[in-house]
Amino acid sequence: MLELDRIQVAYGAATALWDVSIRIAAGELVCVVGPNGAGKTTLINAIAGLNRIASGTLSMDGRNLNRLPRHRFCDQGIAIVPEGRRLFSGMSVLENLELGSYRRAARVYRRQSLERVYSIFPVLRERLDAPAGTLSGGQQQMLAIGRALMAQPRLLLLDEPSLGLAPSVVLEMFNVVREINRGGVAVLLVEQNVAMALEVAARAYVLEEGRIVAEGIPKQLLAQPHIRRAYLGEAPDS
Amino acid sequence: MSWPSLTLLGQSLLSGIFIGALYGLLGLGLSLSWGMLRQINLAHFALAFLGAYLTYQLASVGGMDPLAALLVIVPCFFAFGAALHWLFARFSISPFNSLLVTFGVTVIMESLIQWIWTADYRRLESHYGEIKFRIGTLFVPFPELLTLLVAIALALGTWAALHYTDLGKALRAAAEDAPIAAAFGVNDRALALLLSGLSAAFAGVAGACLALSYTLAPSQIYAWIGVVFAAVMIGGLGNPIGPLIAGIVIGSSEALTMAVTAPAWAPLVSFSLLIIVLLARPQKI
Amino acid sequence: MRIPAPAWIAVAGLALATVPYFKLPAFYESFLYLIFHWIVLATSWNILSGYSGYFSFGHGAFFGVGMYTTATLAGKFDVPFLWTLPAAALLAAVTGVGLGWVVFRVPRLRGELFALITLAVTFVIGTIILNTPIDGGPGIYLSAVPIPAIMPTASATFYVLALVMAIGTLWIAYAIYHSKLGTGLFAIHDDEDVAEVLGVPTFRYKLAAFAISCALAGIAGGIQAMFVSYVTMGDTFSIVVPLNVILMSVLGGTRHWLGPAVGATVITALLYAFTAGDFAVAGRAAVGLILIVAILFLPEGLLGRFVRRRRRREPSPQPIGAGIAAMPATFAAPAQAGMNPLLEVRGVSKAFKGLQALDAVDLDVRRGEILGLIGPNGSGKSTLINVVSGHYRSDQGRIVFQGRDVAGEEAHRIAHAGIARTYQIPRPFAHLSVLQNVALTAMFGRAALDSAAAEREARYWLEFTGLAAKADALPEDLNLHQRKFLELARVLASRPTLLLLDEVLSGLTPSEIDNAIGTIRAIRDRGATIVFVEHVMRAVMELTDRIVVLNYGRVIAEGKPEDVMRRPEVVTAYLGKPPVGKPHA
Chain C
12 MLELDRIQVA
22 YGAATALWDV
32 SIRIAAGELV
42 CVVGPNGAGK
52 TTLINAIAGL
62 NRIASGTLSM
72 DGRNLNRLPR
82 HRFCDQGIAI
92 VPEGRRLFSG
102 MSVLENLELG
112 SYRRAARVYR
122 RQSLERVYSI
132 FPVLRERLDA
142 PAGTLSGGQQ
152 QMLAIGRALM
162 AQPRLLLLDE
172 PSLGLAPSVV
182 LEMFNVVREI
192 NRGGVAVLLV
202 EQNVAMALEV
212 AARAYVLEEG
222 RIVAEGIPKQ
232 LLAQPHIRRA
242 YLGEAPDS
Chain Y
244 MSWPSLTLLG
254 QSLLSGIFIG
264 ALYGLLGLGL
274 SLSWGMLRQI
284 NLAHFALAFL
294 GAYLTYQLAS
304 VGGMDPLAAL
314 LVIVPCFFAF
324 GAALHWLFAR
334 FSISPFNSLL
344 VTFGVTVIME
354 SLIQWIWTAD
364 YRRLESHYGE
374 IKFRIGTLFV
384 PFPELLTLLV
394 AIALALGTWA
404 ALHYTDLGKA
414 LRAAAEDAPI
424 AAAFGVNDRA
434 LALLLSGLSA
444 AFAGVAGACL
454 ALSYTLAPSQ
464 IYAWIGVVFA
474 AVMIGGLGNP
484 IGPLIAGIVI
494 GSSEALTMAV
504 TAPAWAPLVS
514 FSLLIIVLLA
524 RPQKI
Chain X
449 MRIPAPAWIA
459 VAGLALATVP
469 YFKLPAFYES
479 FLYLIFHWIV
489 LATSWNILSG
499 YSGYFSFGHG
509 AFFGVGMYTT
519 ATLAGKFDVP
529 FLWTLPAAAL
539 LAAVTGVGLG
549 WVVFRVPRLR
559 GELFALITLA
569 VTFVIGTIIL
579 NTPIDGGPGI
589 YLSAVPIPAI
599 MPTASATFYV
609 LALVMAIGTL
619 WIAYAIYHSK
629 LGTGLFAIHD
639 DEDVAEVLGV
649 PTFRYKLAAF
659 AISCALAGIA
669 GGIQAMFVSY
679 VTMGDTFSIV
689 VPLNVILMSV
699 LGGTRHWLGP
709 AVGATVITAL
719 LYAFTAGDFA
729 VAGRAAVGLI
739 LIVAILFLPE
749 GLLGRFVRRR
759 RRREPSPQPI
769 GAGIAAMPAT
779 FAAPAQAGMN
789 PLLEVRGVSK
799 AFKGLQALDA
809 VDLDVRRGEI
819 LGLIGPNGSG
829 KSTLINVVSG
839 HYRSDQGRIV
849 FQGRDVAGEE
859 AHRIAHAGIA
869 RTYQIPRPFA
879 HLSVLQNVAL
889 TAMFGRAALD
899 SAAAEREARY
909 WLEFTGLAAK
919 ADALPEDLNL
929 HQRKFLELAR
939 VLASRPTLLL
949 LDEVLSGLTP
959 SEIDNAIGTI
969 RAIRDRGATI
979 VFVEHVMRAV
989 MELTDRIVVL
999 NYGRVIAEGK
1009 PEDVMRRPEV
1019 VTAYLGKPPV
1029 GKPHA
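Structure below.
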């Protein structure tokens, strides 16, 4: 469904991603792990249309998206839950959700989408008029995911959703992500919390210093020294 | 210093409210473009005066009803506003530089106005000016009342549009975080052009109201800048109703000050308020 | 031998001083008077606003204060005209310093807000003057005041006075431009917070520039008062003066001491050329158009291009080798010898809008060690660096550096004490060359060198970090690796006792990282103590003597790298353990 073929993306004056190729099939839950500064956010932003692709192709169902204006990416069924949430904090919870379904195709289903979001995150229904900035960290994360779901996505992009959340909330959130994926939405999850990410993902990529250095199913990757080295700087004790 | 009569105070207060409404009307477009587009459009005032002079011309010389002149002015000004934003976006002009560029535009417009209409005072004599209402002992001239009503209508209408329509919400979202709004389908670039055009159109409307009540001279353009900026800053950037309320407060304070002391102390009110607000609550946007 | 610019100015001034003796029509003297007058106003404005970036819209206020001082003293109290000029300068300066003292303390009042508040002050002062006995309404007549007989005619006298002021103002602008004050102002222009952290006393410098700027405007006002011989509020306290000086300076180039003078000459000539009838209006429109074109296409002004090109053509005055050999190889030894830790952080907490970034952090930094500071994203590492360097103020706790508690001190004092830091995302001064960036810390940091010594010091550190070839380039011409090393060279030039490195290696390629590791080791070998925030584990393991691990703002482990990285709580913090109750299958 989604295919990145040898893409190169710049971040400011430097090149952040080199020769990156990733595939996500419809309904798959794929994660990308890697150390800080590896380029994970640049990758997600490129798929969402927020970063320009310097070379290589980004295609959805075979259609090249490189030259698409950034406000047309969501029409392809791509929705993003950005790093740090990036909610419209001056606007209410309800308005944030409504903005999620701004695109015409999603607007028609606004009522149903809202009900679906309330059933997944009941707490949001209780705080509809509250400015988004007054919610707790966990609630903000839920709102950000809810906003993305309102767009009726086929592919959900999640950028470090566990960041800044208390460990108990993190568990709940990953359950939600699992549930959403079971509902048929493909998910690309970028995470620092490697153990959690590998628990939920069907396939994973390891990104280091802008390049894909490993790919495979979680069991295989955990057995490799790559991940331990990338995060802890040493090979595991034999 | 003798205490003036209740009627005089009441009339002063009323005239203060009316002029405050005009401050708010002028501030509406300025507040929207500064708060939501990060462009400080100093030319807003020259634009309003151009609208005033055009209204004067179409009504006095062209024989049009002054309000009908708006049918011509509004679309033209809308186009101008959109073009101005396009220029700012094309050259990636910072908020401060937008202040300088629009000052240049102001000077050009002021010269244009002076060249066409000369520096002589111009006064639009319309049948509207002759209508007056009475409330008790107070006189309410129709043009001023109209200005107040238009100011309230536009402020409330804009506020309602921003809060109850999808387009308005999209505008607010784009003003806060344009890339993320775009990620959800908001064409932030097109909306920015729309908003800039709307601000300029509001300037035109303010100009028409100006023409109905005041005598016009090119030098007058600068007289309004300080007090309207004060109203916008006190009322809150990007807030359509704030400048109106702040404008009315400033206008009333000025008018009462003038009635109770010498008229020349009036500017002190708005500028002192501005300084206090800037010092006490200087969060930007 | 190059003749310095001020000498040229003096020569030109002497030549121009002879003009009255040619008995030309009065028009020429008036015209030149106007040019000198605007040169003074624009150049004086630029000293604060152009150099530091604090665009004031209130220059008319100080000009007006000067005018009214002279008008009042000479017109109402019969003080001889020339004696009123120092008074005008003093009063205008006091007004400016008073305003600056309040406004410069509020960090949010920069950019357009500073412009607005200075504009508002103009109208307030004007209104007060209008309504009090100072003016009272009718203005002040000065026709009865005797004009000093410096030259044969009155017109010539004013001409010469204005000429002298113009020369003096240009000399002052030149001097400041080449002085420590000027360098500090330019740094403030590009990034005030970083300048403060690197040791520039920003508040003092802004006040000084403001005072000088206002004093000069005040004198110009005093002279103008006599020249027009009738002073009213409306002509003085308006938006016209500030807008003109801004236009002139922007056109000529705000970053150059001569820029405003060039702009003033061009604009005054243009306006004068269009004096007659219809053309006056067209002339003003042309001026507006010029301003727009200047902002869009010539943001650096007419002289801006010139400044850039010159910088690149100037050859290095010294061969590189000589500089290196002469450098002492070590950093100054810390003031307190002995076994006490160099830095003791005790109970430091910092919260941002409900988020506890640092929570009662305790740690020691020992002399001569490389201490690694690690932790997952959001654990508070950068916040700790910001608090220790003075960029933020901690809510609680003590930060004892070499026996002295520096918590809460102004950042530039902390820099003088010997603490220096790099920024995770490099923040060089964009308009200063690489060399100037580094020389700045040598001048303002702990070492506090004069500008010649600072430049030598800077060249040494550029050589050390491999940037010598780029000394005259601007930061925007460097790639990320070079910019990170510029950050490094910049902090090294202040010869700090304690060096805080914030993610210096992120974004670098493996070979660049190897290079950097070697460099950092060399720095420590020269006597510096280093706190090293990093995510690149390889570097942390290789370089550090001890590490401290932060998580959620708290210290969770401390000790030797190999030991700490094996502890379960650290592993959990980084890899994240699936807690009891895994996600449902």
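In order, the protein sequence lines correspond to chains C, Y and X.
If you read the first sequence in the numbering used here, its first letter stands for residue 12, the second for the next number, and so on.
If you read the second sequence in the numbering used here, its first letter stands for residue 244, the second for the next number, and so on.
If you read the third sequence in the numbering used here, its first letter stands for residue 449, the second for the next number, and so on.
Note that beta-carbon positions come from the ideal geometry of N, C-alpha and C, so glycine has one too.
Return no unless some Cβ of chain Y is closer than 8 Å to the Cβ of residue i.
| i | result |
| --- | --- |
| X:Arg757 | Reliability of the predicted coordinates at X:Arg757 is poor, the pLDDT of 48 falling under 50, and the value obtained from them is presented with this limitation in mind. It does not; no Cβ of chain Y falls within 8 Å. |
| C:Glu109 | yes |
| C:Ala21 | no |
| X:Asn692 | no |
| X:Asn579 | yes |
| C:Ala65 | no |
| X:Arg1015 | no |
| C:Cys42 | no |
| X:Glu924 | no |
| C:Gly60 | yes |
Looking only at its chain, what residues have a beta carbon closer than 6 Å to the beta carbon of residue i, apart from the 5 residues adjacent to it on each side?
| i | result |
| --- | --- |
| Y:Ala382 | According to the sequence as given, residue 382 of chain Y is Phe; it is not Ala. Same-chain partners within the cutoff: Lys375. |
| Y:Ala460 | Tyr364 |
| C:Gly221 | Ala27, Leu28, Trp29 and Gly50 |
| Y:Val475 | Gly270, Leu273, Ser274 and Pro486 |
| Y:Phe320 | Ala443, Ala444 and Gly447 |
Please decide whether residue i counts as near chain C, where near means a Cβ-Cβ distance under 8 Å.
| i | result |
| --- | --- |
| X:Asn825 | yes |
| X:His983 | yes |
Near residue i, which residues of its chain fall below 8 Å by C-beta distance, leaving aside the five closest residues on each side in sequence?
| i | result |
| --- | --- |
| Y:Thr458 | Tyr364, Arg365 and Arg366 |
| X:Leu464 | Leu480 and Leu611 |
| X:Arg815 | Pro782, Pro789, Leu790 and Thr977 |
| X:Val642 | Ala635, Tyr871, Arg875 and Phe877 |
| X:Glu852 | According to the sequence shown, residue 852 of chain X is Arg rather than Glu. Contacts found: Ala865. |
| X:Thr532 | Thr517, Thr518, Leu521, Ala522 and Gly670 |
If distances are taken between C-alpha atoms only, which option among the options comes closest to residue i?
| i | options | result |
| --- | --- | --- |
| X:Pro824 | X:His983, X:Ala902 and X:Val488 | X:His983 |
| X:Pro594 | X:Pro528, X:Val693 and X:Ile961 | X:Pro528 |
| X:Leu719 | X:Asn692, X:Ala970, X:Gly1001 and X:Thr650 | X:Asn692 |
| Y:Leu273 | Y:Pro510, Y:Val492, Y:Leu522 and Y:Phe472 | Y:Phe472 |
| X:Tyr607 | X:Arg894, X:Val551, X:Ile965 and X:Ile483 | X:Ile483 |
| C:Pro142 | C:Ser70, C:Leu154 and C:Pro133 | C:Leu154 |
| X:Asp843 | X:Arg852, X:Arg794 and X:Gln872 | X:Arg794 |
| X:Arg652 | X:Pro534, X:Glu748 and X:Glu858 | X:Glu858 |
| X:Leu803 | C:Val104, C:Pro133, C:Ala116 and C:Leu146 | C:Leu146 |
| X:Val513 | X:Thr491, X:Asp526, X:Phe980 and X:Ile573 | X:Ile573 |
| Y:Gly202 | Y:Trp508, Y:Ala489, Y:Val448 and Y:Met501 | Lying before the first or after the last residue shown, residue 202 of chain Y is absent from chain Y, which here runs from 244 to 528. |
Our contact map puts residue i next to residue j with C-beta atoms below 8 Å; I'd like the distance itself, whole angstroms only.
| i | j | result |
| --- | --- | --- |
| X:Gly888 | X:Ala563 | Going by the sequence as given, residue 888 of chain X is Leu instead of Gly. With 8 Å as the limit, X:Leu888 and X:Ala563 do not qualify as a contact, their Cβ atoms being about 27 Å apart. |
| C:Ala197 | C:Ile35 | 5 Å |
| X:Leu578 | X:Ile457 | Actually they do not touch by this definition, with Cβ atoms about 38 Å apart. |
| X:Ile867 | X:Pro944 | 6 Å |
Please check if any C-beta of chain X sits within less than 8 Å of the C-beta of residue i.
| i | result |
| --- | --- |
| C:Gln203 | yes |
| C:Leu160 | no |
| Y:Tyr266 | no |
| C:Leu199 | no |
| Y:Gly469 | yes |
Going by beta carbon distance, what residues of the same chain come within less than 7 Å of residue i, once the five residues before and after it are set aside?
| i | result |
| --- | --- |
| X:Ile833 | Arg869, Leu948, Asp950 and Val981 |
Enumerate, from N- to C-terminal direction, the unbroken beta strand (DSSP E) stretches of 3 or more residues contained entirely within the segment 145-180 of chain C. Runs found: 166-170.
Within the segment 849-928 of chain X, note down every full alpha helix (DSSP H) run reaching 4 residues or more, in order along the chain. If one requires a minimum length of 4 residues, the alpha helix (DSSP H) runs lying completely within the segment 849-928 of chain X are 859-865, 882-892 and 899-912, in chain order.
Could I get the ranges of all uninterrupted alpha helix (DSSP H) runs contained in the segment 18-104 of chain C, with 4 residues as the minimum, in chain order? The segment 18-104 of chain C contains these whole alpha helix (DSSP H) runs: 51-59.
Uninterrupted alpha helix (DSSP H) stretches inside the segment 527-605 of chain X (no shorter than 4 residues): Within the segment 527-605 of chain X, the alpha helix (DSSP H) runs of at least 4 residues that lie entirely inside it are, in chain order, 529-551 and 559-579.
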